[in-house]
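Here the sequence shown is numbered in the UniProt record's numbering, starting from 1 and rising by one per residue.
Take a look at the structure below.
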Amino acid sequence: MDYLDQLVRQSGIEGEINILCRFQGDWLIHHKQEPNLIGRFHIVSQGECQIRLKDQTYRLKPGDVIFLPYGEEHVIYHGTDTETQITKTTQGVFTLHRNSSSESADFEMFCGYFRYLNVAQSLLFNLPQWHLAGNNDSIMALLKLLRKETEDNLGNEVVVNALCNILFTYLIRDYLQHHQVNQGIFGALQDKRLRNAVNAIIANPKESWSMESLAENCAMSRANFIRAFKQKTGILPGKFLTIMRMNMAGMLLKNTQKPISVIASEVGYQSDTHFTKVFKSYYGISPGKYR
């Protein structure tokens, strides 16, 4: 399992592909800035359109995905500057958006969102305000499966939710493959001085890591290690360790029936009281209420 597998698996990020747009002719949709902790994406499956983000405009074609990790305000349109009246019905597990009563459509797009658990997690991946993933075989294969799920079949919701999780990994992978990432956790993973420590925390967050042991992994002094880590990621090594532990704890609370004391131990805390205090500081609620 590589670091991307582990980061995505332990992040606990949830999402949905919940809207299917089928438009005819000219149209325009305005998306306001999303609340904190919501990222949005659009996948074009048929036809072409344009998306305007602040002062930049991009043309989207089938197989393109626009990913807005922080829910940036944007306008998607084709051939008009006037916002379009949309009708909403149900199409399988999707909410179907149309701009006319006609059953025909020359444009189709799937839309959805990712929800972060908290601000610390939303910043963990250190993504740009938006990322345009171009047409590739992986996205085209995913689109083919999505279009099949517009028909009523047993297990539609499970399949679409799984595809949403796959999409998140595709988008992060595409971003890393096409950009030189110098900051954040991914930047640290590409820094020869720091990668051993970051990999160690990701691989085994329950370990009783000290600043000295992490610095030793990087063949650096404690002071130089902490300084370099903060400069590269914007957070201290101890904060990153806490993020990884709390993400794992949240996932275990949601997906298992293990006692809180067992979960505390499994994510590196010997004291239930200390675990509960850190958890409440991170999530804003106690482990029991979170579950």
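Beta carbons are placed, not taken as given, at the ideal position from N, Cα and C, and that holds for glycine.
Can you tell me where the alpha helix (DSSP H) with residue 292 in it begins and where it stops? There is no way to answer for residue 292, as the model of the chain reaches only from 1 to 291.
Could you check where the beta strand (DSSP E) with Gly112 kicks off and where it finishes? 107-115
Would you mind working out which of Glu72, Ile19, Leu167, Phe114 sits nearest Thr95, comparing C-alpha positions? Ile19
Hey, could you find the ends of the beta strand (DSSP E) Gln231 is sitting in? Run containing Gln231: none in the beta strand (DSSP E); it sits in the alpha helix (DSSP H), 222-233.
Alpha carbon to alpha carbon, what distance is there between Gly92 and Ile51? 27 Å
Taking the Cβ atom as the reference point for each residue, do Pro205 and Met244 lie within a distance shorter than 7 Å? yes
Does the beta-carbon of Leu154 have 16 or more other beta-carbons within 10 angstroms, so that it is buried, or is it exposed? exposed
Since Asn199 is in the alpha helix (DSSP H), which residue starts that stretch and which ends it? 195-203
In the DSSP output, what is Leu127 paired with across the bridge? BP columns for Leu127 are empty, so no partner.
So what does Leu253 bridge to, in DSSP terms? The partner list for Leu253 (beta bridge, DSSP) is empty, contrary to what the question assumes.
Counted within 10 angstroms of its Cβ, other Cβ atoms place His42 as buried (16 or more) or exposed: buried
Taking the beta carbon of Gln10 as the centre, do at least 16 other beta carbons fall within 10 Å, making it buried, or is it exposed? buried
Comparing C-alpha positions only, which one of Glu266, Val160, Tyr282 sits nearest to Ile17? Val160
Mind pulling the alpha helix (DSSP H) runs of 4 or more residues that sit fully within the region 10-98? none
Within the chosen definition, does the region 76-88 reach the region 143-157 through at least 3 CB pairs nearer than 8 Å? no
DSSP three-state call for Ala219: helix, strand or coil? coil
In the structure shown, what three-state DSSP assignment does Leu163 receive? helix
Buried or exposed: which applies to residue 292, given that a residue is buried once 16 or more other Cβ atoms fall within 10 Å of its Cβ? Only positions 1 to 291 of the chain appear in the structure, and residue 292 is not among them; the question remains open.
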